[in-house]
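With the numbering used here applied, the sequence shown corresponds to residues 2 to 141, in that order.
Heads up, the beta-carbon is just placed ideally off N, CA and C, and yes, glycines get one too.
One structure below.
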Amino acid sequence: MSEQTALAVCADGVETALAEAASLLEEGCGSVLVLAADDPLPEGYVVSATRAPFAYALAMVLTKGTRYSLTLSASDDMPSEAGMLPEAYWSGLEWVRFLLNGSRECRRVYRNREWLWQPASCRLKISAMSAPSTTWYRRY
């Protein structure tokens, strides 16, 4: 099977790319190449956007596994994000730090979406969420 997908995403680009990769693995792909990159926005662009200090790229070849779990919770009634909203630019680098430092979880909140990474040996915390709510769960 050969398929290419290009995603132009918001701040949670790494998580979105990994969710897309998981769906391809479920459809029978043996492995999936994921490339995530970000580049500083030139000063000439007059837009409201986070301007990254340097460019980075992250490349991964993913296969099915059970080492990590990723949970997505979405709701229009999420708690206030004041102080919780990550800098969009760092999502890929934060994910690499989570993998390398042995943390019990990596939580990323973007507007009305919360992504939770955990080693598969951790028990997932289930929290009540107001409707409408959807939860997506996949093991990597």
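- For the options L26, S76, D39, the alpha carbon positioned closest to that of G14 is the one of D39.
- In this chain, the beta strand (DSSP E) harbouring S70 covers 69-76.
- Ranked by how close their Cα comes to the Cα of R114, the residues S76, C107, W91, A37 have S76 in first place.
- Less than 8 angstroms divides the Cβ of L63 from the Cβ of S32.
- Counting along the chain, the unbroken beta strand (DSSP E) around A58 starts and ends at 57-63.
- Beta-bridge analysis with DSSP links W118 to L71, C107.
- Beta-bridge partners assigned by DSSP to V47: none are found.
- Within the same chain, and ignoring the five residues on either side of A121 in sequence, the residues whose Cβ sits closer than 8 angstroms to its Cβ are T67, R68, Y69, S70, R140.
- Taking a 10 Å sphere around the C-beta of E16, we find 16 or more other C-beta atoms and assign the residue as buried.
- Boundaries of the beta strand (DSSP E) around A38: 33-39.
- Taken atom to atom, the span from the alpha-carbon of E95 to that of Y46 is near 26 angstroms.
- For P41, the closest C-alpha among the options A58, L26, A22 is that of A58.
- Residue environment: C107 is assigned as buried (16 or more neighbouring CB atoms within 10 Å of its CB, all protein chains considered).
- Following the DSSP letters along the chain, one finds G93 inside the alpha helix (DSSP H) bounded by residues 92-102.
- Looking at G93, G103, S74, N102, the one whose alpha-carbon comes closest to that of R112 is S74.
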